[in-house]
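Asker: Taking this note's numbering, I'd label the letters of the sequence shown as residues 1337 to 1477.
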Amino acid sequence: MFIGHFAVGLALKRVGKALSLGLLFIAVQLPDLIYGVTLLTGVEKINIVAGTNPLTSAEYIFFPYSHSLVAILLWAGLAALIFLIAPLKSSLPKSKTALVMATAVLSHFTFDVIVHNLDIDLLGNGAYKVGLGLWNFPPPP
Ligand SMILES: [Zn+2]
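(1) For Glu1395, which beta-bridge partners are listed by DSSP?
(2) Should Pro1400 be counted as a contact of ligand 1 given a C-beta to heavy atom distance under 7 angstroms?
(3) CB of Asp1368 to nearest heavy atom of ligand 1: below 7 angstroms?
(4) By Cβ distance, which residues of its chain are closer than 6 angstroms to His1412, with the 5 residues on each side in sequence left out?
(5) Within its chain, find whatever has a CB closer than 8 angstroms to the CB of Leu1468; leave out the 5 residues flanking it on each side and keep chain order.
(6) Out of Ala1415, Thr1392 and Thr1377, which has the shortest C-alpha to C-alpha gap to Leu1435?
(7) Given a threshold of 16 other Cβ atoms within 10 Å of its Cβ, counted over all protein chains shown, does Pro1367 qualify as buried or as exposed?
(8) Taking only three categories from DSSP, how would you classify Asp1457?
(9) Would the segment 1347 to 1367 count as touching the segment 1416 to 1436 if we require 3 or more Cβ pairs under 8 angstroms?
(10) May I have the straight-line CA-CA distance separating Asn1472 from Leu1424, to the nearest angstrom?
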């Protein structure tokens, strides 16, 4: 589940060699980091149900602020904006840095859609949910 996100961070490191791998890892995990905060504060919710799927007992019932497509687009835009305006010393042009960081954040949505069940919200209002459910098919032991 998490390794796919980190693989994108590693791949993007090749595109933006001057970028910190730590920052790329934060960017690819940003929705999950936000989710940790919103879950602990009760803004977003899960149920713990044994047997939900073979890899996790979490039933994701409400997490539009961290994981909906609209939210992740906004988080990616915010990441790009920060890297456009922040006075960072880098050999990369700011526009390329911003694009790489936004791509890193957006990639989270793609990989979560592949593994999650039908619980990833597109608009954040619960009307349209996607998920291909790859984690229902864990690798054989
Ligand atoms: Zn996630």
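C-beta: ideal position from N, C-alpha, C; glycine also.
All values reported here derive from a predicted model rather than from experimental measurement.
Answerer: Result, derived from the coordinates:
(1) In DSSP, Glu1395 forms a bridge with Asn1383.
(2) no
(3) Indeed, a heavy atom of ligand 1 lies less than 7 angstroms from the Cβ.
(4) For the sequence presented, residue 1412 should be read as Ala rather than His. Result list for Ala1412: Ala1438, Val1441 and Leu1442, in chain order.
(5) Val1449, Ile1450, Val1451 and His1452
(6) Taking only the C-alpha atoms, the option nearest Leu1435 is Ala1415.
(7) buried
(8) When secondary structure is reduced to three states using DSSP, Asp1457 falls in the strand class.
(9) yes
(10) 42 angstroms
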